[in-house]
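Below is one structure, written out as structure tokens; comments come after it.
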Amino acid sequence: MRLILRLLANAAALAVATFLLRGIILTAPTTEGKVVTLLVVALIFGVLNALVKPVFTLVTAPLVLLTLGLFLVVINAVMLLLTSWISTRVDLGWFVDGFGTALLGAVVVSVVSFFLNAFVPGRGRRRG
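End of the sequence shown sits at 487 in the working numbering; the numbers just go up one at a time, nothing left out.
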């Protein structure tokens, strides 16, 4: 259940970024198609964040430490660009136009995900 809630939170964060930023494009013609596309893109984004992001973070650890963690925003932007690349390869209709848009999108997705994931119960927290 927790995994599904996190997937929905990521999809909502990506939807907010798609709505706010002109350079993130969603081409699904129907509302149902847009929802399904955002859920699949959120799944791809989550898998990349779980598998690829730790490797990027480890390789760039000195730079992350030197910038006091601000370089993590750049890594998140790269994750968005990689998600966009995969999405275009499987013809999902979700595209990020350039690194600047990805950088702003990474900030939006991070902020929205932070607030939405605050409501997802953790493993060690009590409900209620």
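Each residue gets a CB set at the ideal place from its N, CA and C atoms; glycine is no exception.
Here V455 carries a strand assignment [DSSP, helix/strand/coil].
Within the same chain, no residue comes within 8 Å of V414 by CB-CB distance, once the 5 residues on both sides are set aside. Distance check between L463 and each of I363, V471, L367, L380 places L380 closest, using alpha-carbon atoms only.
Counting every other CB atom within 10 Å of its CB across the protein chains shown gives M360 a total below 16, marking it as exposed. Looking from the CA of I363, the closest CA among V423, L439, V399 belongs to V399.
In the three-state scheme derived from DSSP, where H, G and I count as helix and E and B as strand, L429 is classed as coil.
In this structure, I403 keeps its C-beta atom at 7 Å or more from the C-beta atom of T377. Boundaries for L385: no alpha helix (DSSP H) harbours it, while the beta strand (DSSP E) harbouring it runs 383-385, taken from the DSSP string.
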